[in-house]
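Residue numbers (my numbering): 500 to 847.
Idealized CB from N, CA, C, for every residue including glycine.
Here's the structure, in structure tokens; my notes come after.
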Amino acid sequence: MKIKENLFPPSLFAIYLGVLLLMAGLHTGLLVFMDMAGWGNLVQTVIPMVYWGMVAVGLTLFTRKKIRDTYEGPLHKMAEATKKVSEGDFSVYVPTIHAADKLDYLDVMIMDFNKMVEELGSIETLKTDFISNVSHEMKTPIAVMKNYAELLAAERIEDGARREYAKAVGNAATRLSELVSNILKLNKLESQKIMPEVESYDICRQLCECILQFEDIWEEKGIGLETEIEDVAMVKADASLMELVWNNLMGNAFKFTEPGGTVTVSQASDAGSIRIVVSDTGCGMSRESMGHIFDKFYQGDTSHSKEGNGLGLALVKRVLELMDGDIQVVSQEGKGSTFTVTLPAAGI
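Below, the structure written as structure tokens:
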């Protein structure tokens, strides 16, 4: 796209020069005509003055119109639009002055302004959604703690019920604590307050350690575990941040897999990269859910019957972006999900 550098092109000044030369030629012809016609000295003096006065007024009005149309008008619109944006109106749109094939730098500035306003509007929407989602997610565990606290305050309550209520309060408090912790982690990652400490380390050992953390869960639910992991595979990433990735992916796999199902964790080395696959035979996801699973607070299980706050996969996505990694998901409702993570191998 070619952008004109001047608001007032050289052709405009060529027009001015041509008009002045033409007017000067007409002036000379007018003087000759008046002398040949024998007009008086007063008339020959006044007429040129009136003539050049008209020329000056015409050029001034033309110049004023060009400045207003080309410069002042668009700037006034920009000023009005800027004021509306400062007052919180992000629906503002300023049209460009010229067509797409005749843009100048003022048009480019207007286009950048429109893009900026659009981005600000998106950020404002995200902020509003974020606050709404946080409020919703916090409301549930707080309500649970409040209800069970009232039950615990009852004068007559059996020991078994008391322990059950206390456990429910503890679980709700843990869920609330995890929500706040994940919000803080995600905020630090997005604002780059956490700087990745990239190093070479054995990804196979880390995967095995993370798998063992879920041993109680798969034994309790009777879930089969299948692994296919190399002895050693050196990856280039931040080990502490990558632990968040594996804990979230494996935690989801075990959480959404029904008793008797299977969770599979496999790892393989390709040319210059390491590929890790976490799959399950759980409930799977719809196509619509797959398009939003990495959004903050999105939960495919709209009933919220499964514990979670919808931030785990958003954390996973952000961490992998920082690690120059990639994540892909394949899922089918009723048949399970497969997450494939690709990371750069050490030495690349």
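Query: Close Cβ partners of E729 (< 8 Å) along its chain, the five nearest in sequence each way excluded; Result: C703, Q766, A767, S768
Query: Three-way DSSP call (helix, strand, coil) for M822 in this model; Result: coil
Query: 7 Å Cβ shell around L519 - same chain, five flanking residues per side excluded; Result: none
Query: Beta carbon of L842 nearer than 8 Å to that of S739; Result: no
Query: Coil, strand or helix - R704 by DSSP; Result: helix
Query: N-terminal and C-terminal residue of the beta strand (DSSP E) that K735 is part of; Result: 733-736
Query: Whole-angstrom distance between T673 and S621, CA atom to CA atom; Result: 32 Å
Query: Cβ distance (whole Å) where E725 is taken to contact T763 below 8 Å; Result: 4 Å
Query: Three-state secondary structure (DSSP) of F838; Result: strand
Query: Outcome for F512 when other beta-carbon atoms lying within 10 angstroms are tallied against a minimum of 16; Result: exposed
Query: CA nearest to the CA of Y550, picked from K564, F561, L529; Result: L529
Query: Residue range of the alpha helix (DSSP H) that includes D603; Result: It is not in any alpha helix (DSSP H) - D603 carries neither H nor E in the DSSP assignment.
Query: Backbone secondary structure at D769 - three-state DSSP; Result: strand
Query: Beta-ladder partner(s) of Q831, from DSSP; Result: G835
Query: Coil, strand or helix - S804 by DSSP; Result: With a pLDDT of only 42 at S804, under 50, the local geometry of the prediction cannot be trusted, and the value read off the model is given with reservation. Residue state, collapsed to three classes: coil.
Query: Beta-carbon proximity of L651 to L743, cut-off 8 Å; Result: no
Query: Under the three-state DSSP convention, the category S699 falls into; Result: strand
Query: Identity of the residues DSSP links to V776 by a beta bridge; Result: S765, T839
Query: Short Cβ contact (8 Å threshold) for A732 with D701; Result: yes
Query: First through last residue of the alpha helix (DSSP H) which encompasses G572; Result: 572-585
Query: Cα-Cα separation, G572 to K582; Result: 16 Å
Query: Short Cβ contact (8 Å threshold) for S699 with G781; Result: no
Query: P640 and L821 closer than 8 Å at C-beta; Result: no
Query: C-alpha gap between M553 and L560, whole angstroms; Result: 11 Å
Query: Option in K601, L748, L525, P758 with minimal Cα separation from Q827; Result: L748
Query: Inter-residue spacing [alpha-carbon to alpha-carbon] between G723 and R786; Result: 27 Å
Query: C-beta atoms of G760 and D779 nearer than 8 Å; Result: yes
Query: Burial state of G721 (16 or more Cβ within 10 Å); Result: exposed
Query: Classification of F532 by the beta-carbon crowding that lies within 10 angstroms, buried from 16 upward; Result: exposed
Query: For V584 and V616, believed in contact at Cβ under 8 Å, the rounded distance; Result: 6 Å
Query: Whole-Å CB distance - V593 paired with K576, under 8 Å assumed; Result: 5 Å
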